[in-house]
Amino acid sequence: MKKYLFAITFLFIAPLAYANMASPYIEGSQFCSPLTSRNIRILKETIDVSINSNFSAAVFDVQYQIQAKIEGNKYRYFLKQRIVAPILRYGLIVKR
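If you want it as structure tokens, here you go:
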């Protein structure tokens, strides 16, 4: 019964939620301007992939150095992300 009540409640609330990911920025709003690919330049990209000793996971070290020019000012950013992902074979996680 709780599942049905939740489903019915969700059906009524879902149309009220509004998110437009194609245009997440509203012109004239008081928030800062979005950082989009139109006003950035990727200066350097480095991707290092390391696989652990039993071949069950891969570690991705991804680094970006980007330059953004917004309203006459130039900004340089350095982004680094470390991702650990399981290795898949035929859609299944490899365990050794």
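Residue numbers (full-length UniProt numbering): 1 to 96. Glycine included, each C-beta is placed from N, C-alpha and C at the ideal position. Just so we're clear, the structure is a prediction, and the values are computed from it rather than from any experiment.
Take the alpha-carbon of Thr9 and the one of Asn39: they are about 42 angstroms apart. Short of 7 angstroms from the beta carbon of Lys69, and not among the five residues preceding or following it, lie these beta carbons of its own chain, in chain order: Asn39. Comparing alpha carbon positions, the residue from Ala57, Met1, Lys2 and Gln65 closest to Ile47 is Gln65. Of the candidates Leu79, Ser56, Phe12 and Ser50, Ser56 places its Cα closest to the Cα of Pro86.
The C-beta distance from Val84 to Val62 rounds to 12 angstroms, too long to meet the 8 angstroms contact threshold.
Counting along the chain, Ile13 sits inside the alpha helix (DSSP H) bounded by residues Lys2 to Ile13.
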